[in-house]
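K.L.:
The structure under discussion is supplied below as structure tokens; questions concerning it will follow.
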Amino acid sequence: MSVIVNGREVDTAPRAGQCLRTLLRDTGHFGVKKGCDAGDCGACTVLLDGEPVHSCLIPAFRAEGKAVTTVEGLATDDGLHPMQQAFLDAQAFQCGFCTAGMIVTCASLNQAQKKDLGAALKGNLCRCTGYRAIEDALLGHVHVEQVAAGEAFGRSLPAPAGPDVVCGRVRYTFDMTVEGLLHVKLARSPHAHARIAGIDKRAALAVPGVHAVLTHEDAPATLFSTARHEQAWMDPADTRVLDDVVRFIGQKVAAVVAETEAAAEEACRRLVVDYEILPAVVDPADAIVPGAPIIHAGRGSEHRIADVGRNIVAETHGEFGDVAAALASAAATYEGTFTTQRVQHAALETHGGLAWLDVNGVLTVRSSTQVPFLTKRALCEIFDLAPDSVRVFCERVGGGFGGKQEMFVEDILALAALKTKRPVKLEFTREEQFIATSTRHPMRVTVKAGADKDGKLTALQLDVLSNTGAYGNHAGPVLFHACAESISVYNCPNKKVDGLAVYTNTVPAGAYRGYGLPQTTFAVEAAIDELARQLGIDAFEMRRRNIVRPGDAMLAPPASEPSDVLYGSYGLDQCLDLVERAMAEATPTPELAAEWLKGDGIALTMIDTVPPDGHIADATVSLRDDGGFVLTVGTAEFGNGTSTVHRQIAATVLGTTVGRITLKQSDTAHGGHDTGAYGSTGTFVAGRATQAAAEALAETIKRFAADRWNVAPGACVIADDAITCGAHRLAFAELANASGSPLTASGSSQGTPRSVAFNVQGFRVAVNKGTGEVRILKSVQAADAGRVANPMQCRGQVEGGVAQALGAALYEEIVIDDTGRVINPRFRDYHVPSYADVPRTEVLFADTHDTIGPLGAKSMSESPYNPVAAALGNALRAATGIRFTAVPFKPDRLFAQVQEKFGE
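Residue numbers (this note's numbering): 131 to 1034.
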């Protein structure tokens, strides 16, 4: 058939059942993305005869004779389409995976549609931005700045990949053509717990095009964790590439490698697996009861599992002072149990990758990962490969949120590539993301708190039960983190913590934005509010009387002595003041009928700027012949903005502009090491490495010039793409030619000491007495990010964090039935926030300068998420007088309690 794509005739023969999305990608139009293949996300939006459609829903044959326009076809020889330019000017993207589809939709809107963006954009999801920047693009707002050489840091500079993002040229994991590519599909367990007695491959191998069927018999016996950390002690060794025991519904049983995805899927269906069904347990409270099924029988402390007989993968216990005595003598006390649910990362680019053996026999893996260097280390250990025989890299990654701090696909890809000696591809479906990757840890948190008559805390106690699912990836670190900063932010002489992370036969939990703090903060901040109410103290004032301040020890049991966490800067007091003033300001609100109840609520959080026990980053900067620079870092870009900030750091130190900095990143072949872009370390740790490398190169340049001019290095000044000393001046390009050899310097950061960042969230809400519906009338967040590296970008991180957290607080939930099966494994049954769901958040920054972070900056990608559910819960309490103790705050769940109190 013939179809006109971006003005050019394309002759093609679609496969049976092929959709337009895959046809367009087969012909090289990689701006058309896969986010769901169900018409739910809009990442695949194209214009079909001028009308926006989800190309994943359009049978390819229906495009015959029609005109298709992808994002690549919007621009003309005269320049960018106005909507592409608008998105560039407003920087209306972060990871950018949704941007191509979003721009195509926005470019098609008429003036009437633009007046109701909630309806106009209902078919396009963005997980990163919070939608304000997208609205600004449609309104024609310009946020980017142009700055002089050496003045990049602290300014709103655009992302270096921006032009390629808005034109669909930027390359994500699967945006490449590979000759001889084989496709991998995974057969998955229908049982929550079973031993594989046998697998009959014969029918599967008989499917035309099938090259291999790989099972536990073909896989290494090495035990590891899918979680990726610098230190192995953080996670249990409880996972195999392919196991002969399955522990949750959806666990991979076999991998089929075939010429096409269709052949691989058919072969999966034809596999005959003989299962010996084992007893299962899906509730963590039941899992620790004596006599409960043992999920990892035969393993123990040598595998870093705390108590395999009770299904406890990790635990923490400690007390200082006497909490029981303090509670008994307190003027006010509160006790409550709070529950938080599973939520999905919902990054629009699913997990996946490609692997091949290069001409030198090096196993090369290109994947959607936040941790290429740690993934390489794991592959070397699992497959007993030399470090120089493995390369792992990523292009731009379509969202992460912690979910790609895991190794869910690279091990299977390596196995398939090594077995077949052919390039292979594995791309998860959206359903696989829900049933077979990881979620946030659902927790049950009991908090006890006491205060004296003046509102000073006398007791804080946490009892935490965390459900880690079938495998313990991140179980311990999430538990320890949840029990740390949530209470160490408060001065209190008596504190106690008991926490368990427990195996169940359910989809594993893992790293998720906030890393346990949102779950416990939900409980702790409720307790602070309830004590304030009993004592008649204002919520802001109650916190001011108890928060830690510089000089105070930041402690949570079992630690009774300070660690390497320091007050590099402190802005929590400013954040409280900023939110208090903003909440007091009059703002337009809609007229609401009498059945609507209004209330305000706040919550605060503190977060260490680096994970504990080491986080390493290396960087190298070299002077190019043309006077520009090449900056090489290991950290990945997935919407976290590190690509922008690293260039800003280097340009500021080297007295140049960001356009003169070429960035090479996230590739183990570049050398050095990088623990990974997680825990908001892309700026705080890797940024320090970039600063160190740039400063070292600046000193090298000064010494060279000083020797040339016979002056002291201290007399030389770097500025405006040159080095000067009095009347002497040498442009960088001249310097490069005069040096005779490349000028290069390296820097590194070990992730210690660490600093602390702070966030305070305020909400004004209305709750309908008759329906339980919640409306957010005002949202304010103040953040202490140190010296803000890029205000526009940092504001976007806060807005995106609030939007994602609101989804989890109001409606997002992975629902698991009594057998352990996920029953809503698709976007349309899950409810990722759309444009119409997300209120605009006023973002305010404290004025601080961190003595530890790069050029005074601190982390601010993860922490904006943390106080949202807690602040919303406190606002609902103020509005209704009811303390809701479980999220999400869905109307049907609020309704019963509201009706009980207020009647019909």
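Think of the CB as a built atom: it goes at the ideal place given N, C-alpha and C, for glycine as much as any other residue. Every value quoted in this text rests on a predicted model; they were computed, and no experiment measured them.
Based on the DSSP secondary-structure assignment, which residues constitute the bridge partners of Cys-855?
P.N.:
Answer is His-858.
K.L.:
For the segment 941–1025, list the alpha helix (DSSP H) runs that are entirely contained and at least 4 residues long, ordered along the chain.
P.N.:
You should have 998–1010.
K.L.:
Please state the DSSP three-state secondary structure of Phe-1036.
P.N.:
Outside the displayed span of the chain (131 to 1034) sits residue 1036, for which this structure offers no information.
K.L.:
Where does Gln-148 sit, in a helix, a strand or coil, going by DSSP?
P.N.:
Three-state result, Gln-148: coil.
K.L.:
Which residue wins for smallest C-alpha separation from Pro-517, given the options Pro-921, Thr-949, Ser-616, Gly-802?
P.N.:
Out of Pro-921, Thr-949, Ser-616, Gly-802, Gly-802 has the C-alpha closest to the C-alpha of Pro-517.
K.L.:
Is Arg-675 helix, strand or coil when you go by DSSP?
P.N.:
Coil, per DSSP.
K.L.:
To the nearest whole angstrom, what separates the beta carbons of Pro-623 and Thr-588, a pair I think is in contact under 8 Å?
P.N.:
Contact flag correct, Cβ pair sits at about 7 Å.
K.L.:
When burial is assigned at 16 or more other CB atoms within 10 Å of the CB, is Trp-486 buried or exposed?
P.N.:
By the 10 Å Cβ count, Trp-486 comes out buried.
K.L.:
From the DSSP output, in three-state form, read off Gln-911 for me.
P.N.:
Gln-911 falls in the strand class under three-state DSSP.
K.L.:
If you follow the beta strand (DSSP E) that Pro-182 is part of, which residue opens it and which one closes it?
P.N.:
Start and end: 181–184.
K.L.:
What are the residues that DSSP puts in a beta bridge with Glu-540?
P.N.:
DSSP, once it has assigned bridges, lists no residue as partnering Glu-540.
K.L.:
Looking at C-alpha atoms only, which residue of Ala-327, Leu-251, Asp-348, Gly-280 is the closest neighbour of Val-783?
P.N.:
Considering only alpha carbons, the answer is Gly-280.
K.L.:
Identify the residues that DSSP records as bridge partners of Ala-317: which are they?
P.N.:
According to DSSP, Ala-317 bridges with Ala-384.
K.L.:
By how many angstroms is the C-alpha of Gly-428 removed from the C-alpha of Thr-569?
P.N.:
So the two alpha carbons sit approximately 26 Å from each other.
K.L.:
Suppose you measure from the CA of Ala-92 to the CA of Ser-319; what does that come to, to the nearest Å?
P.N.:
Since the displayed the chain opens at 131 and closes at 1034, residue 92 lies outside it and no answer follows.
K.L.:
State the Cα-Cα distance for the pair Val-337 and Leu-316, rounded to the nearest angstrom.
P.N.:
Cα to Cα, the separation comes out at about 15 Å.
K.L.:
Since Met-573 and Thr-356 are thought to touch, with beta carbons under 8 Å apart, how far apart are those beta carbons, to the nearest angstrom?
P.N.:
About 20 Å; that fails the 8 Å criterion.
K.L.:
For Gln-1067, count neighbouring C-beta atoms within 10 Å of its own C-beta (all shown protein chains included) and say buried if the count is 16 or more, exposed if not.
P.N.:
Because the chain is modelled from 131 through 1034, residue 1067 falls outside the range shown and cannot be assessed.
K.L.:
Who does Ala-197 pair with in a DSSP beta bridge?
P.N.:
Answer is Ile-134.
K.L.:
Helix, strand or coil for Asp-266? Go by DSSP, reduced to three states.
P.N.:
Helix.
K.L.:
For Leu-154, count the other beta carbons within 10 Å of its own beta carbon; 16 or more makes it buried, fewer makes it exposed. Which is it?
P.N.:
Buried, by the Cβ-count rule.
K.L.:
Can you list, in chain order, the residues of its chain with a C-beta nearer than 6 Å to that of Leu-974? Leave out the 5 residues immediately preceding and following it.
P.N.:
Excluding residues within five positions, the ones whose Cβ falls inside 6 Å are Leu-708, Ala-912.
K.L.:
State the CB to CB distance for the pair Val-751 and Ala-919, rounded to an integer number of angstroms; the pair is presumed to be in contact (CB under 8 Å).
P.N.:
Not a contact, Cβ separation roughly 18 Å.
K.L.:
For His-447, count the other beta carbons within 10 Å of its own beta carbon; 16 or more makes it buried, fewer makes it exposed. Which is it?
P.N.:
With fewer than 16 Cβ atoms within 10 Å of its Cβ, His-447 is classed as exposed.
K.L.:
Residues in the same chain with beta-carbon distance under 6 Å from Val-308, minus the five sequence neighbours each way, listed in chain order, please.
P.N.:
Contacts found: Pro-553.
K.L.:
Could you work out which residue in Val-201, Gly-158, Gln-224, Cys-149 is closest to Arg-192 when comparing CA atoms only?
P.N.:
Nearest of Val-201, Gly-158, Gln-224, Cys-149 to Arg-192, Cα basis: Cys-149.
K.L.:
Based on DSSP bridge pairs, tell me the residues matched to Arg-894.
P.N.:
BP columns for Arg-894 point to Asp-730, Lys-908.
K.L.:
Spatial neighbours of Arg-285 within its chain, please: C-beta separation below 8 Å, excluding the five flanking residues on both sides.
P.N.:
So the qualifying residues of the chain are Glu-275, Val-277, Gln-778, Asn-920, Pro-921.
K.L.:
For Leu-940, which residues from the same chain have a beta carbon less than 6 Å from its beta carbon, with the 5 sequence-adjacent residues on both sides left out?
P.N.:
The answer, listed in chain order, is Pro-1018, Phe-1019.
K.L.:
Going along the chain, which residues of its own chain have a beta-carbon closer than 6 Å to the beta-carbon of Ala-222, five neighbours each way excluded?
P.N.:
Within the same chain, Ala-222 has close Cβ partners Ala-263, Ile-264, Ala-267.
K.L.:
Which residue or residues does DSSP assign as beta-bridge partners of Ala-447?
P.N.:
Residue identity differs from the one stated: residue 447 is His in this sequence, not Ala. In the DSSP output, where bridge partners are listed per residue, His-447 has Asp-628.
K.L.:
Could you compute how far the alpha carbon of Ala-417 sits from the alpha carbon of Ala-683?
P.N.:
Cα to Cα, Ala-417 sits roughly 36 Å from Ala-683.
K.L.:
Which class does Gly-310 belong to by DSSP, given the choice of helix, strand or coil?
P.N.:
Here Gly-310 sits in coil by DSSP.
K.L.:
Looking at C-beta atoms only, is the number of pairs between the segment 722–741 and the segment 807–817 that lie closer than 8 Å three or more?
P.N.:
As far as the Cβ criterion goes, the segment 722–741 touches the segment 807–817, which means the pair count is three or higher.
K.L.:
Since Pro-742 sits in a beta bridge, which residues does DSSP pair it with?
P.N.:
DSSP lists no partner for Pro-742.
K.L.:
What does the alpha-carbon distance come out to for the pair Ser-497 and Arg-332?
P.N.:
One C-alpha to the other measures close to 31 Å.
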